[in-house]
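Read the structure below first, then the notes.
Residue numbers (my numbering), protein chains in the order written: chain A, 1 to 472; chain B, 1001 to 1495.
Written out as structure tokens, the structure reads:
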């Protein structure tokens, strides 16, 4: 809960800033209360209790701008801190482009903090004992108990395929082993209260329930494989931690028996869990800061057909009941559900007040809050449909490092995944890389499914691209 | 030089309160409790579009309280050192003992006593009052305290840096330069009665430059960071940064992606040390080994590299970004040989893993802030110079391969040992000579195999002083270094 005193203290910061000589100011209070129970091999390993509060101040002083934050929130410390912050701001060069957003653009409908219905009152009812129960009861190794390893591994539906592929299996002497299972249950309540000297007052609150497991197993050759999965929900009633450990086990077992793949061009299917990796460079390139710095491969893209006809990319921050939505950005500017790319045409750059003034263009929103790629093509909605549509190729299930050049869009990413033929997985592949250019990659988009998990901040489904360069 | 009473006064706590907090933490049956007090001030200035028109400062203050019950951890923290808030954090942390008793029983899980008591007990009440802190060597200090310097002191520094950069290359389009500095006051107390304290400065300059030539755009960046005060800002440092960020841009504009595949790789001295950090260092961190997850978990005492290869993690390099006088569990900073003459000799330990293995902690227990419990982390990881001549000698020995000299980031999968790092620039090697410039490629490999495949080590060890930050669960300041090495075969991403 955000206490009335905490809101008042945040508002008082504006007066303290004015008293110290600031012309305008914005104060943003963040408060997060979190409990974490970590497990190792089905036993409690760590219990953590967190309460974080800090205030960030954006100060506008004599045409100059500075950004400051502190977690020393007693009134005397704050007054002293703000006084020094104003003095520091005065030492900087003037920047006439810095300003608060026009009051007409700030959110007027973020009053209770729970307009999106993602702050669950049930969070207050969760007891320490329940947290431990969530963490332990969903541990696969605890559930397995002293059962033979064969029984344990048989929980993975792919065990027969992996056994056949590697010509080995669990249970026999020198067979597969469970090395470790690390799990983590956490729940939190987060509050953000933003006020500015032009009268803006916006409030956001969100609860979260999360469970994560990482399993490490070892095959008969002593090679280790890890599989991880997580589930999260802002609402306790929609939280399904029981799905986590089986999915992590499935992922770990599925990787047994990897082979190298010949370098060349393949159809690439990128699993929805990781496909945001090829969306992020686009979102970064559309940020006005990068446009202004000429550090974007989409500098001249506004209003142009850069992506394939039929491709939409949206921002849907105001979808009730779903994680990571928000009614306003860090300036307090109201968000909206809208198109970023429509039918392949770039609809907007992400332009905050500063960049709008710098570039002499209209402000929009500072960034995509909850980007969403709708279904594209006729391949189907799920990963399996898309693999069947593609026939042969490489399924990418994880990225392991890599980078993209923000100025050119050239990228190189290490991947982990599976060779598939006739729409069916044949064997895992390791130590492979994909390289290319982001715009060129998206021009060869074959399909986008509709299987993005709603618990993710970025709703990217399984994607398929033609003729991707793989090296291995 | 500050004294222990200065630190106690800084955080507004008394020796009696520290003892009482530890007692509270252990009240439910834990067998170890430590307190970590932190007061961090961070400031930054940014030059953009020719002006230093953005800056700020940030304060992070609080205390983390950890209770161990065997190898299990209870952790709580307060963003205040008000005694009531600390007491509440101690009670939260003590819950681990209750859950351990309830679930497992404690008897067999207690930490062995030897490692935790390997050092003589130093109870602060046994020290002379206000005694100067002399327990550990000082690997860094501030001649000029960052906190005493006004922001205006550094505005001309960033302007000068931009001028130097523009003077070196007429194709410079934009310069973004950031000067950041941080000072942390740290005080620790534990259930052995040990009180330790440290003042940790770190400063750094990062510069990103956008070049435009003939309608084409390229970006380059460079950075330098040291554990030092404001005296680290010198004309020679600015000249070095300007040279680094403009060097090789002709080649960068010409550079292409090579044909990908497996090939020999010559890694230049310095930043190539990321190979050690990603491919080996993480797998040597003892928490991964304690849990059996590391690919090196069963390799202690075994040969993991060619004879003559020594790999070190070092907290004692004066002024180095990764150095610590004392780690975040109160253990003195030290130099740890992980691989000696090709044999795996030591993991990197915090107190929990050291107790697990029955060895002394290596001073690698580090944390991002008081909000986190310490875990084994690297400091400055490097390989000692070898006997195989110069970098040019290594290049001359390769018929067809690749030479890499600038990197931006890397990643590793601990269990599998598969690693990746991103190469910003390099060249093809053809018949022992450097030819076509290459850029924007990844190199991937497997840690143990890559380590075993280092077949030649030059005598030119160089520590890279860039702003390396490791992101294993928590962020930690680190650095790395390596002499030029030849790796027999790695996978290079390309067309």
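Ideal placement from N, C-alpha and C gives every residue a C-beta, glycine not left out.
Output needed for residue i: all residues of its chain with C-beta closer than 8 Å, excluding positions within five of it in sequence on either side, in chain order.
i: residue 1385/B; result: 1457, 1458, 1459, 1460, 1461 and 1483
i: residue 1016/B; result: none
i: residue 1049/B; result: 1174
i: residue 1107/B; result: In this prediction, residue 1107/B scores a pLDDT of 31, lower than 50, which makes its location untrustworthy; the coordinate-derived value is nonetheless stated afterwards. Taken in chain order, the list of residues that qualify is empty.
Can you confirm whether residue i, when its beta carbon is compared against all beta carbons of chain A, has any partner nearer than 7 Å?
i: residue 1416/B; result: yes
i: residue 1217/B; result: yes
i: residue 1411/B; result: yes
i: residue 1059/B; result: yes
i: residue 1329/B; result: no
Are the C-beta atoms of residue i and some chain B residue less than 7 Å apart?
i: residue 143/A; result: no
i: residue 224/A; result: yes
i: residue 431/A; result: yes
i: residue 435/A; result: yes
i: residue 313/A; result: no
i: residue 93/A; result: yes
i: residue 164/A; result: no
i: residue 450/A; result: no
i: residue 401/A; result: yes
i: residue 68/A; result: yes
i: residue 49/A; result: yes
Spatial neighbours of residue i within its chain, please: C-beta separation below 7 Å, excluding the five flanking residues on both sides.
i: residue 49/A; result: 35
i: residue 1340/B; result: 1310
i: residue 88/A; result: 66
i: residue 412/A; result: 402, 403, 433 and 435
i: residue 277/A; result: 399 and 413
i: residue 1417/B; result: 1283, 1295, 1446, 1447 and 1448
Apply the 10 Å Cβ neighbour rule to residue i and answer buried if 16 or more other Cβ atoms are within range, or exposed otherwise.
i: residue 1413/B; result: buried
i: residue 1427/B; result: buried
i: residue 1203/B; result: buried
i: residue 157/A; result: exposed
i: residue 1181/B; result: buried
i: residue 391/A; result: exposed
i: residue 1291/B; result: buried
i: residue 441/A; result: buried
i: residue 111/A; result: exposed
i: residue 285/A; result: buried
i: residue 428/A; result: buried
i: residue 1151/B; result: buried
i: residue 216/A; result: buried
i: residue 1401/B; result: buried
i: residue 160/A; result: exposed
i: residue 1383/B; result: buried
i: residue 397/A; result: buried
i: residue 259/A; result: exposed
By Cβ distance below 6 Å, which residues in the same chain neighbour residue i in space, the five residues on each side in sequence not counted?
i: residue 1129/B; result: Any reading at residue 1129/B must be qualified, since the residue scores a pLDDT of 37, below 50, and its modelled position is unreliable; the value itself is stated next. Excluding residues within five positions, none has a Cβ falling inside 6 Å.
i: residue 52/A; result: 32
i: residue 170/A; result: 149, 150, 153 and 176
Original post:
Is the region 197-208 of chain A in contact with the region 115-127 of chain A, if contact means three or more CB pairs nearer than 8 Å?
Top reply: yes
Subject >> In chain order, each beta strand (DSSP E) run of at least 3 residues that lies wholly inside the region 143-209 of chain A >> reply: 177-196
**OP:** Take every Cβ of the region 180-199 of chain A, pair it with every Cβ of the region 444-456 of chain A, and state whether three or more of those distances are shorter than 8 Å.
**Re:** no
Original post:
Is the region 396-416 of chain A touching the region 1207-1224 of chain B in the sense that three or more CB pairs, one from each, lie closer than 8 Å?
Top reply: yes
**OP:** Check whether the region 291-300 of chain A touches the region 421-429 of chain A, taking contact to mean three or more Cβ pairs, one atom from each stretch, closer than 8 Å.
**Re:** no
**OP:** Specify whether the region 1469-1485 of chain B and the region 1378-1397 of chain B touch according to this definition: at least 3 beta carbon pairs, one from each stretch, less than 8 Å apart.
**Re:** yes
Original post:
Name the residues in the region 1040-1060 of chain B whose C-beta lies less than 7 Å from a C-beta of chain D; which are they?
Top reply: No chain D appears in this structure, whose protein chains are A and B.
Original post:
Pairing CB atoms from the region 183-200 of chain A with CB atoms from the region 1282-1300 of chain B, are three or more of them under 8 Å?
Top reply: no
Subject >> At least 3 beta-carbon pairs within less than 8 Å: the region 1028-1040 of chain B vs the region 1057-1064 of chain B >> reply: yes
Original post:
Where in the region 407-460 of chain A do unbroken runs of the beta strand (DSSP E), each at least 3 residues long, occur, reported from the N-terminal end onward?
Top reply: 410-421, 424-437 and 445-448
Subject >> Cβ contact check for the region 95-108 of chain A and the region 197-205 of chain A: 3 or more pairs under 8 Å >> reply: yes
Subject >> Segment contact, 8 Å Cβ cut-off, at least three pairs: the region 1272-1279 of chain B with the region 1196-1214 of chain B >> reply: no
**OP:** Specify whether the region 1405-1422 of chain B and the region 1225-1235 of chain B touch according to this definition: at least 3 beta carbon pairs, one from each stretch, less than 8 Å apart.
**Re:** no
Subject >> Contained alpha helix (DSSP H) runs [length at least 4] in the region 1369-1457 of chain B, N- to C-terminal order >> reply: 1391-1396 and 1447-1452
**OP:** Could you name each continuous alpha helix (DSSP H) segment of 4 residues or more that falls completely within the region 1261-1328 of chain B, going from the start of the chain to the end?
**Re:** 1286-1290
Original post:
What runs of the alpha helix (DSSP H), each 4 residues or longer, lie entirely inside the region 75-122 of chain A?
Top reply: 75-90
Subject >> Completely contained beta strand (DSSP E) runs for the region 312-362 of chain A, where each covers 3 or more residues >> reply: 313-315 and 338-342
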